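Asker: Sending over a structure as structure tokens; questions will come in a sec.
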Amino acid sequence: MAKTIAVANMKGGVGKTTLTVCLAEALAADDQNMKVLIVDADPQASASVSLVGDEKLAKLIEDGKTLDAYLDDQLAHPGGTSQTRLSNLICGNVSSTTHNNIPLDISLLSCGPFLRLVEKEIVRKFIKLNLGENAYEMRLWALIKQEFEFIKKSYDYIIFDCAPSISVLNDVMIRYSDLVILPTIPDFISVYGLSAFLHTVWNYPIGSLPKPTKLPYVIVTKYQNNNQHKKNVEKLKAAAEIEGAKYGIFATHVPQAVQFASALALANDYPTFTLKYSSKLINEVISPLTLEIKEVLDAYAP
Amino acid sequence: MYPSVDQIKNQIVATLPEDGTPVLNRVMLVEVRRAFEASVTPDDYFAAVDLLDKKRSIGRMRGAGGQIYRITSEKPQSRRVSEKSLMAPTHAYLKSEFVSLLELPKKSISLVIDTSKIGPQRGLWARPDFVLVTVAEYKLMPGRHLDVHSFELKSIDGGNVLAVHEALAQTRFTHYGHLVWHLPRKSGAEKDLQEVCAQCEIHGIGLIRAYEPGDLAAGWEVLKTPRRKDTPVGVIDGFLEERVSIDEQKNLLANMN
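Protein chains in written order, with this note's numbering: chain A, -11 to 290; chain B, 1440 to 1696.
Pasting the structure below:
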């Protein structure tokens, strides 16, 4: 049964998608028997386009093989003709990155650009039926649970790349995941945004969904060796160490490095894992971070 | 659905470039897995490759996990010329055609040095394949003017973004960096040309394409001219001291003074 990770933050540009793809590749390279599924839950579709390419993504959107199309069929316009199981929409073996001459076993549930419109449409439909937002939340929660309990049997890790926002879908994915990772740049604006995000989702959740019980974990991203970042990292660490802390924090920081940006290499680049990230980055950042994440996952979902 | 070895075999044949350009096994395995959306095992993949090899539908090459290519009547696999074999024609081209393209003033001297085996054993991208030193005297500019070019030579399958970065890294010792790429016409690697050109443009690296390395007059083309780098004089001096023989240094000094 797969362990589930949500990579979320309502602030954009903190490196969610880059981290998602890098983490998926690191988990798949660490043990090449592992099967990893990336669920693109962001209508910007950055993970999808970097993994399958724009041509294939256009075909998936056209064929309705995306998360937004599925939600539209299931909740906004039920009774459509599309596939009824979410697992049928997954593209297997999408990664062009290889390790020890074998492609990394990464699959993708892609997202189209209409996710936000679909969510609005669903809310409108529920209101029309005199059902409130709570009903939508519970229906979506039940649907995601039902589908992913089935999908989980075929993978070792499932990573949700959440959109930079607070939405019902993000709320559901955060609650469904064994571990929530919060990529955060240690600058004033991102740290400020992190507090607001934690406050909204973990401290005072509104609605009918169960309150998240496990502490989310912050990953410091785009770290630069300057005073501002150092100070903010210290603050983040201190807040994670107090009694009643609202989050945990990983000791490994993701530096501002071009190699990380190359996580989103185009689908037909065929890099090797080592060439893509460099041995230095793998040894100093990616491997220790993967180990830390695995340790937390083992504690959260033994 | 997991494919049979026969289906994998057909997929390999359908994916291999028509012109016989070799494809790395790891890349073909990516394509096969993507096509079937299934985790095709290396065992099944190589079972399919063995069958195709036995039928002489494909050929195999060694190195980097192995490569395969479609066997065609034109034997295009011979289009791949090793970097070692490219060294002599490249040296000849740089000495003659390339130097003439620089339109140096009369009485200038130019020196093309094979530096592929000279320089530190350790250190990343510190050994250009060739270095061109020019010493020129202009009408109005005082003194003599020295320029140093570095050249990174790549065979057909070595031309990529990384090669541009390699040529760029070498400009930490020189004024101009060039990538020399053996890329015959209608080669499968032409698909990468646009990206390589774009990267050369971004980084100010020159790009020389060798269509037919043996044909010095018509087999070469300068696709991008490099931008001059502001490399410190002391660094260039140290670089030349290490890479240029004593006799050549004397020759340079004689022409500088």
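Glycine included, every Cβ here is placed at the ideal spot set by N, Cα and C.
Predicted model, so just to flag it, every value in this text is computed and none were measured.
Nearest CA to the CA of Lys1505 of chain B: which residue from B:Val1466, B:Asn1694 and B:Gly1582?
Answerer: The sequence as given places Gly at residue 1505 of chain B; Lys does not occur at that position. Nearest of B:Val1466, B:Asn1694 and B:Gly1582 to Gly1505 of chain B, Cα basis: B:Val1466.
Asker: Within 10 angstroms of the Cβ of Phe148 of chain A, are there 16 or more other Cβ atoms? Answer buried if so, exposed if not.
Answerer: Buried.
Asker: Quick check: what's the CA-CA separation for Val1444 of chain B versus Thr1480 of chain B?
Answerer: For Val1444 of chain B and Thr1480 of chain B, the distance between alpha carbons rounds to 10 Å.
Asker: Of all the residues that make up the region 1467 to 1486 of chain B, which are near chain A by a beta-carbon distance shorter than 7 Å?
Answerer: Within the region 1467 to 1486 of chain B, the residues whose Cβ lies closer than 7 Å to some Cβ of chain A are Leu1468, Val1469, Arg1472, Arg1473, Glu1476, Ala1477, Ser1478 and Pro1481, listed in chain order.
Asker: As an exercise, report each continuous alpha helix (DSSP H) stretch of at least 4 residues that is fully enclosed by the region 174 to 229 of chain A, in chain order.
Answerer: Entirely contained in the region 174 to 229 of chain A, the alpha helix (DSSP H) runs reaching 4 residues are, in chain order, 176 to 186 and 215 to 229.
Asker: Tell me which same chain residues have a C-beta within less than 8 Å of the C-beta of Gly120 of chain A, skipping the five on either side of it?
Answerer: Contacts found: Phe114.
Asker: So which residues of chain B does Ile177 of chain A contact, with C-beta pairs closer than 9 Å?
Answerer: Going along chain B, no residue has its Cβ under 9 Å from Ile177 of chain A, so there is no contact; the nearest lies around 30 Å.
Asker: Under 9 Å between beta-carbons, which chain B residues line up against Gly80 of chain A? List them in chain order, please.
Answerer: The answer, in chain order, is Arg1472, Arg1473, Phe1475, Glu1476, Ala1477 and Ser1478.
Asker: Mind listing, in chain order, the continuous alpha helix (DSSP H) runs of no fewer than 4 residues lying wholly within the region 1662 to 1693 of chain B?
Answerer: Whole alpha helix (DSSP H) segments, 4+ residues: 1672 to 1682.
Asker: I'd like to know whether the C-beta atoms of Glu165 of chain A and Ile(-7) of chain A end up nearer to each other than 7 Å.
Answerer: Note on identity: in this sequence residue 165 of chain A is Ser, with Glu being the wrong assignment. Their beta carbons are under 7 Å apart, which means Ser165 of chain A touches Ile(-7) of chain A by this criterion.
Asker: Hey, does Pro91 of chain A have any beta-carbon neighbour from chain B nearer than 7 Å?
Answerer: So yes, Pro91 of chain A belongs to the interface.
Asker: Which same chain residues end up closer than 6 Å to Pro1442 of chain B when comparing Cβ atoms and leaving out the 5 residues on each side of it in sequence?
Answerer: So the list reads Phe1475, once near-sequence residues are dropped.
Asker: Give me the Cα-Cα distance between Ala1531 of chain B and Ile1507 of chain B, rounded to the nearest whole angstrom.
Answerer: About 32 Å.
Asker: Please determine, among A:Asp144, A:Asp159 and A:Ser142, the residue with the shortest C-alpha to C-alpha distance to Cys150 of chain A.
Answerer: The residue with the shortest Cα to Cα distance from Cys150 of chain A is A:Asp159.
Asker: Could you work out which residue in B:Lys1448, B:Val1551 and B:Glu1687 is closest to Arg1495 of chain B when comparing CA atoms only?
Answerer: Out of B:Lys1448, B:Val1551 and B:Glu1687, B:Lys1448 has the C-alpha closest to the C-alpha of Arg1495 of chain B.
Asker: Would you identify the three-state DSSP class for Met1500 of chain B, choosing helix, strand or coil?
Answerer: DSSP places Met1500 of chain B in strand when its eight states are reduced to three.
Asker: CA-CA distance, Val273 of chain A and Lys282 of chain A?
Answerer: When rounded, the distance between both Cα atoms is 14 Å.
Asker: What are the uninterrupted segments assigned as beta strand (DSSP E) that are 3 or more residues long and contained completely in the region 6 to 65 of chain A, given in chain order?
Answerer: Counting only runs of 3 or more, we get 24 to 29.
Asker: Would you mind working out which of B:Glu1640, B:Tyr1484 and B:Arg1611 sits nearest Gly1677 of chain B, comparing C-alpha positions?
Answerer: Checked all of B:Glu1640, B:Tyr1484 and B:Arg1611; the closest Cα to Gly1677 of chain B is B:Arg1611.
Asker: Compute the distance between the beta-carbons of Glu1651 of chain B and Gly1643 of chain B, then report whether it is under 7 Å.
Answerer: No; because the gap between Cβ atoms is not below 7 Å, this pair is not in contact.
Asker: For Phe176 of chain A, which option in A:Ala228, A:Glu137, A:His217 and A:Tyr124 has the closest C-alpha, if you only look at C-alpha atoms?
Answerer: Here the closest residue by C-alpha is A:His217.
Asker: Note the first and the last residue of the continuous alpha helix (DSSP H) segment covering Leu1632 of chain B.
Answerer: Here the alpha helix (DSSP H) through Leu1632 of chain B covers Leu1632 to His1642.
Asker: Does the Cβ of Ser1535 of chain B have 16 or more other Cβ atoms within 10 Å, making it buried, or fewer, making it exposed?
Answerer: Ser1535 of chain B should be labelled exposed.
Asker: Which residues in the same chain have their Cβ closer than 8 Å to the Cβ of Ser1547 of chain B, if we skip the five residues on either side of it in sequence?
Answerer: Answer for Ser1547 of chain B: Thr1573, Val1574, Ala1575 and Glu1576, listed in chain order.
Asker: If I measure Cβ to Cβ from Thr1431 of chain B and keep anything under 8 Å in the same chain, skipping five residues before and after, which residues do I get?
Answerer: Because residue 1431 of chain B is not part of the residues shown, which for chain B are 1440 to 1696, the question remains open.
Asker: Among A:Gln212, A:Thr85, A:Asp60 and A:Leu15, which residue has its Cα nearest to the Cα of Arg104 of chain A?
Answerer: The residue with the shortest Cα to Cα distance from Arg104 of chain A is A:Asp60.
Asker: Could one say the Cβ of Arg1611 of chain B lies closer than 7 Å to chain A's Cβ atoms, at least one of them?
Answerer: So no, Arg1611 of chain B is outside the interface.
Asker: Quick one: which residues of the region 189 to 205 of chain A get their C-beta closer than 7 Å to a C-beta of chain B? List them in chain order.
Answerer: So nothing in the stretch comes that close.
Asker: Please list the partners that Tyr258 of chain A has in chain B, where partner means a Cβ-to-Cβ separation under 8 Å.
Answerer: Per Cβ cutoff of 8 Å: Leu1463, Arg1465, Val1466 and Val1469.
Asker: Counting only Cβ-Cβ distances shorter than 8 Å, please list the residues of the region 1489 to 1505 of chain B near chain A, keeping chain order.
Answerer: Flagged, chain order: Gly1504.
Asker: Can you name the start and end residues of the beta strand (DSSP E) that Ile1507 of chain B belongs to?
Answerer: Gln1506 to Arg1509 is the extent of the beta strand (DSSP E) around Ile1507 of chain B.
Asker: Give me the Cβ distance between Gly100 of chain A and Ile132 of chain A, rounded to the nearest whole Å; I'm assuming they're in contact under 8 Å.
Answerer: Between Ile132 of chain A and Gly100 of chain A the Cβ distance is about 17 Å, and since that is not below 8 Å, they are no contact.
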